[in-house]
Structure formats: C-alpha cells, structure tokens
Amino acid sequence: MNTTVVETEEHQALRAAVAALGKRYGRNYFAQVVAAGKHPDELWADAARLGYLGVNLPEEYGGGGGGISELCIVLEELGAAGCPLLMMIVSPAICGTVIARFGTEEQKSAWLPGLADGRLTMAFGITEPDAGSNSHRITTTARRDGDGWVLTGRKVFVSGVDIADATLIVGRTEDARTGRLKPCLFIVPRDAPGFGRAQIDMELQAPEKQFELVLDDVRLPAEALVGDEDAGLLQLFAGLNPERIMTAAFAVGMGRYALRRAVEYAKERTVWQSPIGAHQAIAHPLAQAHIELELARLMMGRAAALYDAGDDAGAGEAANMAKYAAAEACVKTVDQAVHTLGGNGLTREYGLATMIVASRVARIAPVSREMILNFVSHQSLGLPKSY
Ligand SMILES: Cc1cc2nc3c(=O)[nH]c(=O)nc-3n(C[C@H](O)[C@H](O)[C@H](O)COP(=O)(O)OP(=O)(O)OC[C@H]3O[C@@H](n4cnc5c(N)ncnc54)[C@H](O)[C@@H]3O)c2cc1C
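As structure tokens, this is what we get:
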C-alpha cells in the first residue's frame, strides 16, 4: 500500500493535467451553465475523453485502472478551478465502484465503459423521507415477481435523476429464512414505468438538481439486482466509503477555490496604507483555512489509499474523518472568503455568496457532521450510544 504522505509523481502529473483542464473552463463557464439551468456537458465530455471520469474503473472496461486516490484528485482539482462536478461522487465513484466490484459480467459490460467515456451517468438513491440519517429504517422494498422484482417505496434528495440513465436504488428484500429485511441494490432505468420523480425546490445554485422519487410497483428484471442478494450490506459499504472520500474532495476543492479568490482580493484591496491582507485579522483566518484544508486533504489521501488497498474497515474510519474535516474546513473557508471581500462578498459579480449554501452540502450529505461524530464516538472511542 502507498502510505506515503508525499504525492507520487504520477499523482502530481494527474493533478497538474486536471488543473489545466479546469482552468480552461473556469468559474465563469460554470456560473453561466448554472444560470442557464444547464449541465456542464462540455466539461463532463472533455473530462471523460481525457480519461479522468473513469480513472478509477477497470481497464478492461474502458477505465484507467486506478482507484479512488486518482478519482478524488480529479474532483478536487476541478473544484479548485471553480467547477465542482457533484455527479462524479455518484456516477463513477459510488455506482462505478459497486458495479465493478460486485456486478455481474453483463452489468459491467453494460455500464462501466459508458460511465468511463461519459456516455452514461448513474444516480444513487438511499435517503428516504421517514428514515433520513437512520438508513436502517429505509422501507423501499423489493418483492420477487416471477423471475424478476417489484420495487415499492420513496426516496428524497436524490441528485441528478433527470440526467442519469439509471438510478442505483437501495432497497430491501425479505430474507426467506428469517423474514428480516436486508439491503439490496437495484439498477432502475430512468424511464421505468412506475418510477416517478419531482424536483425539489432547493436554494442551492448548482447544475445538479435534487429529486423526490416514488417507486410505485416498479417491475424490474432479475438482472436489475446488483451482485448478491445476501451480500447487500457489504456491497453498500463498498460504495459508501468512496462517497465519503469523494465528498471530502468536493469540499477541499471548493474550499481551495474560495481561498484563492479571497487571497487574491486581500493582496489587492487597499483601504488604509497597505492591502487588507496585511492586517492579521484578515491574514490569520485565511492562513488557518489553508492549514485546515491541507490537513483534511491529508486524511482524504489516507482514506483513499486504505480503500484502494482493499482495507474497507480501515478506510471506513478514515473516510468519515476526511469527510468531516473537509466539510468543516470548507464551510469555514467559504465563510471567511466572503467576509474578506467585504460588500463584494455578497455581490453576484464576485459570485462567492452562493458558495455559502453550496459549502453546507458537504456538512449535511451524504452523512451529516453529527452522524460522523456518532460513528467516531462509538466505533473509534467505544462510547455508548444514545439512540
Ligand atoms: C444537495 C444534496 C444532495 C443530496 N444528494 C443525495 C443523493 O444523491 N442520494 C441520496 O440518497 N441522498 C442525497 N442527499 C441526502 C443526504 O444524504 C441527507 O440529507 C442526509 O443524509 C441527512 O438526512 P436528512 O436530510 O433526512 O436529515 P435528518 O436525518 O433528518 O437529520 C437532521 C439533523 O438531525 C441530526 N441528527 C439526526 N440523527 C442524529 C443523531 N442520532 N445524533 C445527532 N444528530 C442527529 C443530523 O445531523 C441533522 O443535523 C442529498 C442531500 C443534499 C442536501
């Protein structure tokens, strides 16, 4: 396993190449796409063509043969350039990983080459209105129907269902032996009869929209089930660790972008004798933000290295810690960046105020700050549970 805290030359080269792509598009491109209610299709297609979107997927299916270590570099650098691609967390990271690790040969051939070259996109639905953070309480249920399945339930806040060719839905099946419900993953095509979606009116300004989903007796063929009916939990966790690590990359990238804008401004803006960046009340919080983003990035690299080395359990703790640290650093950095710009921090022209909402996403999703603190309290420190 690569446990080095210094990046390899390959990773540095990947970082530089992705940063160059991000710079070609930049924040203005991204802001225009959002304002027009569109998606960053051109950037998505270019990133795919250059092999960045599928960098973690197996080579025999058109991917780059790398891991989450490489994929999180891609997301972080695009975010640092002002173009955070939220669907990367879902499509190649969660869905691509789960299918590559547990899918049947048919599922791999059907999905992986398309996810890698950008022709196909997948969403991921686990959150339910009455379960929320308590995913043990999800009630979306799959019943056997001849050779296939019938899926019934509701999901909420699922991102990108409108642009995704299919959604990987976490449901439950009844254990024939014990009668207990166990988690299972199903590939549900966008146009499957009975699969309804309603867009949620979010304050978030981003190309990806969130949806409430209704699964009203959605009939699926046997091959819609991913992997093994009895190994659903293991398969689910295999996808959730990349999700947390990639959310850390999303947050670190966004934080770096906001910090760069604030530093540039603080070097130029002069209202007394020297630029405002010379005042320690401005400089120190920016220095703290830089330190906290770097620390979060270090933990992100560790989590990715453990995951790529096949240590799912070790990666679990590190992935949670990385997501926590990155989200907190991102929220704090964006807040300080807006403040550094004074009144300009709230103008459309400078475009930073909208990031106050965007930065909160990483604190809430895919698992909230409190649920990570619960995880560390119980799993790492052995403290008792309150719930
Ligand atoms: C922009 C965005 C995109 C998303 N995309 C997706 C997606 O693609 N797919 C998907 O499945 N989901 C998605 N989600 C959903 C997201 O994962 C959930 O919002 C998140 O898991 C929290 O669930 P909840 O909103 O139901 O909050 P709740 O579970 O209702 O929690 C509300 C508050 O209570 C706190 N809380 C709850 N339980 C405890 C406890 N035991 N101890 C202490 N505090 C507690 C939480 O920390 C939180 O602050 C997205 C959410 C957002 C905002």
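Residue numbers (full-length UniProt numbering): 1 to 387.
Yeah, the Cβ is synthetic: ideal placement off N, Cα and C, and Gly gets one too.
Under the three-state reduction of DSSP, R144 is assigned to strand. Closer than 8 Å to some heavy atom of ligand 1: that does not describe the Cβ of Q379.
The DSSP assignment places no complete alpha helix (DSSP H) segment of no fewer than 4 residues inside the stretch 106 to 137. With a cutoff of 9 Å on beta-carbon distance, I169 and L151 are scored as near each other. Rounded to whole angstroms, the Cβ separation of Q235 and V98 is 6 Å, and the two are in contact under 8 Å. Taking 9 Å as the cut-off, the Cβ atoms of L220 and F186 count as close. Within the same chain, and ignoring the five residues on either side of G194 in sequence, the residues whose Cβ sits closer than 6 Å to its Cβ are D216, D217 and V218.
The criterion of a C-beta distance shorter than 9 Å is not satisfied by P242 and L53. Rounded to whole angstroms, H39 and L85 show a C-alpha spacing of 10 Å. At a cut-off of 8 Å, the beta-carbon of T127 counts as near ligand 1: some heavy atom of the ligand is closer than that. When Cβ pairs closer than 8 Å are counted between the two stretches, the stretch 226 to 235 is seen not to touch the stretch 329 to 338, the count staying below three. Annotated as proximal: P92 and A116, with beta-carbon spacing under 9 Å. Collapsing the DSSP output to three states places G351 in coil. Excluding sequence positions up to five before and after E317, its CB lies within less than 7 Å of the CB of Q379 and S380, all in the same chain and listed in chain order. With three or more CB-CB distances shorter than 8 Å, the stretch 16 to 24 counts as touching the stretch 76 to 85.
Straight-line spacing of the CA atoms in S109 and L352 works out to 42 Å.
As DSSP reads the structure, E212 sits in a beta bridge with A198.
Checking the DSSP bridge columns, you'll see R154 partnered with V214.
In the DSSP assignment, I187 is bridged to L168. The Cβ atoms of G103 and L57 do not sit closer than 9 Å to each other. Ranked by Cα distance from I200, the first of V156, W149, E223 and L298 is V156.
Counted as a single uninterrupted DSSP element, the alpha helix (DSSP H) harbouring R302 occupies residues Q280 to D308.
Counted as a single uninterrupted DSSP element, the alpha helix (DSSP H) harbouring H11 occupies residues E9 to A35. By the CB criterion at 9 Å, G125 and L50 fall outside the cutoff. Contact annotation, D165 with L120: C-beta distance approximately 5 Å; criterion of less than 8 Å satisfied. When DSSP assignments are scanned along the stretch 304 to 386, no uninterrupted stretch of beta strand (DSSP E) that is 3 or more residues long falls wholly within it. With respect to the 9 Å criterion, A287 and A303 are not classified as neighbours on the basis of their beta carbons. Around the beta carbon of A222, fewer than 16 other beta carbons lie within 10 angstroms, which makes this residue exposed.
With the rule of 3 Cβ pairs closer than 8 Å, the stretch 292 to 301 does not count as touching the stretch 354 to 374. DSSP places T173 in the strand class (E or B) of the three-state scheme. For N134, the CB falls within less than 8 Å of some heavy atom of ligand 1. Just measuring C-alpha positions, the residue of I68, V376 and T173 sitting nearest D228 is T173. Shortest gap from the CB of P366 to any heavy atom of ligand 1: under 8 Å. Just so you know, the alpha carbons of L225 and G255 end up roughly 38 Å apart. Note on geometry: alpha-carbon atoms of E10 and R269 lie some 38 Å from one another.
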